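Notes for the one structure printed next.
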Amino acid sequence: MADRVGLDLYETAAGILTIVNNNMANAIRSRTIQKGQDPRTFSLVAQGGAGPLHAAEVALSLGIPEVIVPRYPGITSAMGLLTTDLKHDLIQNEFTLSTDPNLEKLNADLKELDDQVKEQLRADGFGEEQMTLQRFADCRYVGQGYELRVLVPNGELDEAALQSVWQQFHELHTAEYGHAFPENPVELVTLRVTGTGPMPKLSGLPVPSDGDVKDAWLKTAVTYFRVNGQLEKYSTNFFERDRLPVGGEIEGPAVIFQKDSTVLLPPRSLTTVEANGNLRIRLAAESLSGIALRSKNMQVSYQD
0 MADRVGLDLY ETAAGILTIV NNNMANAIRS RTIQKGQDPR TFSLVAQGGA
50 GPLHAAEVAL SLGIPEVIVP RYPGITSAMG LLTTDLKHDL IQNEFTLSTD
100 PNLEKLNADL KELDDQVKEQ LRADGFGEEQ MTLQRFADCR YVGQGYELRV
150 LVPNGELDEA ALQSVWQQFH ELHTAEYGHA FPENPVELVT LRVTGTGPMP
200 KLSGLPVPSD GDVKDAWLKT AVTYFRVNGQ LEKYSTNFFE RDRLPVGGEI
250 EGPAVIFQKD STVLLPPRSL TTVEANGNLR IRLAAESLSG IALRSKNMQV
300 SYQD
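In numbering that gives the first Met the number 0, the protein residues as written are 0 to 303.
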């Protein structure tokens with residue numbers, strides 16, 4: 000391939016990674032910038048076996064100031080599957096206008112959905128005291144071809160409760176599209192009830208609390224990173240993640256090996272091992288176009 004494109008081996012390999020990273024960054028842009036969110040105010044969580052290999056470069060291209068790598072990124076989804084609470088979702092088509100709501104029918108349909116969800120959770124072995132039910136309504140302005148989902152209060156609905164549903168819709172429409180039409184009638188087209196039963200959580204494995212980062216050192220080798228548009232050679236330390244102690248810090252460039260993934264730390268980054276075993280990678284401000292960034296308590300997650 001290098002011969003065909005007229006580049007040397009390292010430039011070709013770096014180009015392949017750049018294309019892959021840009022595709023990932025574009026996927027994040029579609030879920031943030033195109034929906035009115037600034038990715039620079041988020042943290043990037045790297046999941047999946049390949050996620051931590053690409054995450055830092057993806058974050059740099061988006062101006063995201065830090066990356067969080069879970070302790071076992073390669074099996075994060077599997078662990079989630081084992082510990083995620085059990086849910087049942089039921090829906091009921093409904094056509095009611097805010098100008099002439101049929102409260103009797105709405106309450107009857109919601110009660111039927113509640114009862115059906117509870118029955119399914121009971122069949123799964125949950126007692127009623129363990130169940131959590133949430134109700135939702137898909138609403139739209141009359142004539143629209145798309146809906147927004149809002150929360151419906153539990154219990155018997157009255158005029159005040161229904162008014163809160165319409166108000167939620169107007170506010171959500173403003174948040175999503177920048178405007179609302181509170182004088183226009185709202186159509187409720189679908190009722191939804193979600194029933195949740197709690198599943199037991201996995202206890203975390205202990206993280207080394209003593210020792211030194213040097214105890215996790217494996218070797219030093221040459222790697223290549225593109226910095227300021229130029230592919231440069233770096234002497235790079237390699238580490239074994241399972242032996243990294245809590246509070247340990249690693250300056251990039253570095254590579255961290257573990258059984259389910261490989262974590263790539265770019266030059267001028269600083270990585271800290273947190274008490275829960277996560278790695279927090281802080282990227283250099285100059286690598287982020289010198290923009291002062293503020294990280295909110297929010298996360299964008301990328302999984303390969």
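Each residue gets a CB set at the ideal place from its N, CA and C atoms; glycine is no exception. Keep in mind that this is a model prediction, so the values were computed, not measured.
Terminal residues of the continuous beta strand (DSSP E) containing Gln229?
From DSSP, the beta strand (DSSP E) with Gln229 extends over 229-239.
Tell whether a beta-carbon distance below 7 Å holds between Val66 and Ile280.
Contact flag set, yes.
Go ahead and pull the three-state DSSP assignment for Glu127.
Looking at Glu127 - three-state DSSP - the assignment turns out to be helix.
Got a sec, what are the start and stop residues for the alpha helix (DSSP H) Asp108 sits in?
Unbroken alpha helix (DSSP H) run through Asp108: 102-122.
Counting only the same chain and skipping the five closest in sequence on each side, list residues whose C-beta sits under 7 Å from that of Ala24.
So the qualifying residues of the chain are Val57, Ser60, Leu61.
Taking Ser339 as part of the alpha helix (DSSP H), name the residues at either end of that continuous run.
Only positions 0 to 303 of the chain appear in this structure, which leaves residue 339 out of reach.
Is it buried or exposed for Met0, if we count other Cβ within 10 angstroms and need 16 for buried?
When all chains shown are included, Met0 counts as exposed.
Less than 8 Å between the CB atoms is what I'm expecting for Leu81 and Asp123, so what's the real figure, rounded?
So it is not a contact: roughly 15 Å between Cβ atoms.
Is Asp108 near Thr193, with beta carbons less than 7 Å apart?
Contact flag unset, no.
Taking contact to mean at least 3 C-beta pairs separated by less than 8 Å, is the stretch 3-21 in contact with the stretch 154-172?
As far as the Cβ criterion goes, the stretch 3-21 does not touch the stretch 154-172, which means the pair count is below three.
Report the start-end ranges of each alpha helix (DSSP H) in the stretch 20-63 that is 4 residues or longer and not cut off at the edges.
Qualifying alpha helix (DSSP H) stretches, in chain order: 50-61.
According to the Cβ coordinates, are Phe238 and Ala215 closer than 7 Å?
The answer is yes: Cβ separation under 7 Å.
Quick one: Cα of Val68 to Cα of Gly14, how far?
Those two C-alpha atoms are separated by around 24 Å.
Give me the residue from Val226, Leu282, Leu187 with the minimum Cα distance to Asp99.
The candidate whose alpha carbon is nearest that of Asp99 is Leu187.
Is it buried or exposed for Ile255, if we count other Cβ within 10 angstroms and need 16 for buried?
Result: buried.
When the Cα atoms are used, what is the spatial distance from Arg191 to Thr173?
C-alpha separation (whole angstroms): 22 Å.
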